[in-house]
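S.K.: Dropping a structure here in C-alpha cells format, bear with me for questions.
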Amino acid sequence: MTEWLGPEEWRAVALSLKVSLWATLLSLPLGLWVAYVLARRDFWGKQLLNGLVHLPLILPPVVTGYLLLMTFGTTGPIGGLLQQFGITFAFRWTGAALAAAVMAFPLMVRAMRLSIEAVDPKLEQAASTLGASRGWVFLTVTLPLILPGIIAGAILAFAKAMGEFGATITFVSNIPGQTQTVPSAIYAFLQVPGGEASAWRLVLISIAIAMSALLLSEWLARKAATRVGGI
2 MTEWLGPEEW RAVALSLKVS LWATLLSLPL GLWVAYVLAR RDFWGKQLLN GLVHLPLILP
62 PVVTGYLLLM TFGTTGPIGG LLQQFGITFA FRWTGAALAA AVMAFPLMVR AMRLSIEAVD
122 PKLEQAASTL GASRGWVFLT VTLPLILPGI IAGAILAFAK AMGEFGATIT FVSNIPGQTQ
182 TVPSAIYAFL QVPGGEASAW RLVLISIAIA MSALLLSEWL ARKAATRVGG I
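As numbered in the working numbering, residues 2 to 232 make up the sequence shown, in order.
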C-alpha cells in the first residue's frame, strides 16, 4: 500500500485508522451502557435520551461540528476547562476522534440495542432468581449472547468514523498530517489540478473499508440472531 499511495495519502489513511480506532474504543463502554438502558429500562425521559443519541444522524454534520467547536473549543465551556489540564480537542487529531465518535455513536448504540432486545428477559430473570446480582447476570448471561451485536456495532462505528467529514472539518479543520483524514484529503485533492488520481485511490480505499464493514456486520447480526434463537 505504501508503494501505491503517496506520502500524503498514506498519512491521511494512517490518521483515519488512528482516529477511527480511538473513536470506537472510547465510545464503546458508553454505547453499551446507553444501549442497555434503552433496551431494558423504562424511565421518564427515555424518548428524549433516544432522540439525543440519534440526533447526529439527523442534524447536518456541519451543525454537529459547530456545536462541538463551541463546546470543546479553546473558548468553549468544556474545552476551556480541559485546556487547564493540558487537554485540547480543537484543531487536533483528538478532536477528529471526538467528532467521529459523536457521529458514529448512533449506529453503535442501535446495533447493540437491537441485539440486547433480541435476548429473552426471562433468561436474565431466571439467573436473578438463583441469587445472581444484576451485574453478574449481565456478565454471564446477557453479554455472551449479545457479543456479536457489540462487535457489529463497533465495526459499523469504525466504518462511519472512517468516512466522517462534515463535523470533523468544521471542528478541527483540514491540516495535513494532523487532522486531515481520508475524506478531508479527498476533498483537498479535488481542489488542486492533477489531484484526481490521488482522490480516486483514497475513494477506492474508502469503498473497500465500508463494504467490508457492512458485510461483516451483517454476518455478525445473522449469527447473533441464530445464537439467540437457538436457546
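Where a beta carbon is used, it is the ideal one built from N, C-alpha and C, also for glycine. All of these numbers come straight from a predicted model, not from anything done at the bench.
(1) Taking the Cβ atom as the reference point for each residue, do alanine 24 and alanine 133 lie within a distance shorter than 7 Å?
(2) Does DSSP classify serine 207 as helix, strand or coil?
(3) Taking the C-alpha atoms as reference points, what is the distance between glycine 195 and glycine 46?
(4) Touching or not, the stretch 38-56 and the stretch 149-169, by the rule of three or more beta carbon pairs under 8 Å?
(5) Tell me the residue span of the alpha helix (DSSP H) that contains glutamate 165.
(6) Touch check for the stretch 143-155 and the stretch 76-92: three-plus C-beta pairs under 8 Å?
(7) On the three-state DSSP scale, how would you describe asparagine 51?
(8) With burial defined as no fewer than 16 other Cβ atoms inside 10 Å of the residue's Cβ, what is the status of glycine 74: buried or exposed?
(9) Look at the alpha carbon of alanine 97 and the alpha carbon of leucine 70, and state the distance between them as a whole number of angstroms.
(10) Sort Phe159, Glu197 and Gln192 by Cα distance to serine 213 and report the nearest one.
(11) In this structure, how does DSSP classify valine 193 when only helix, strand and coil are distinguished?
(12) I need the straight-line Cα distance from leucine 60 to alanine 222, nearest angstrom please.
(13) Measuring CA to CA, which of Pro107, Pro122 and Pro78 is closest to leucine 33?
(14) To the nearest angstrom, how far is it from the Cα of threonine 3 to the Cα of arginine 135?
(15) Determine the DSSP secondary structure at leucine 73, reduced to helix, strand or coil.
(16) Counting C-beta neighbours from all protein chains within 10 Å, is the total for leucine 191 16 or more, i.e. buried, or is it exposed?
(17) Looking at C-beta atoms only, is the number of pairs between the stretch 8-26 and the stretch 168-183 that lie closer than 8 Å three or more?
(18) Does the Cβ-Cβ distance between alanine 36 and valine 110 come in under 7 Å?
(19) Output yes or no for whether 7 Å exceeds the beta carbon distance between valine 63 and threonine 171.
(20) Under DSSP, the alpha helix (DSSP H) around alanine 101 begins and ends at which residues?
(21) Looking at alanine 209: is its Cβ nearer than 7 Å to the Cβ of lysine 161?
(22) By Cβ distance below 8 Å, which residues in the same chain neighbour serine 174 in space, the five residues on each side in sequence not counted?
(23) Can you give the beta carbon distance from tryptophan 94 to leucine 31, rounded, assuming they're within the 8 Å contact cut?
M.R.: Well, looking at it:
(1) Not in contact: alanine 24 and alanine 133 (Cβ atoms no closer than 7 Å).
(2) helix
(3) The alpha-carbon atoms of glycine 195 and glycine 46 are separated by roughly 53 Å.
(4) no
(5) Unbroken run through glutamate 165: none, as it is neither H nor E.
(6) no
(7) Helix.
(8) buried
(9) CA-to-CA, the gap between alanine 97 and leucine 70 works out to about 11 Å.
(10) Phe159
(11) Residue state, collapsed to three classes: coil.
(12) 27 Å
(13) Pro107
(14) With a pLDDT of 47 at threonine 3, under the threshold of 50, the predicted position of this residue should be treated as unreliable, though the coordinate-derived value follows. Distance between the alpha carbons of threonine 3 and arginine 135 is about 49 Å.
(15) Residue 73 is actually phenylalanine in this sequence, not leucine. Helix.
(16) exposed
(17) yes
(18) yes
(19) The answer is yes: Cβ separation under 7 Å.
(20) 94-118
(21) Note that the C-beta distance between alanine 209 and lysine 161 is not below 7 Å.
(22) Within the same chain, serine 174 has close Cβ partners Phe92 and Thr180.
(23) About 20 Å separates the CB atoms of tryptophan 94 and leucine 31; that is not less than 8 Å, and the two are not in contact.
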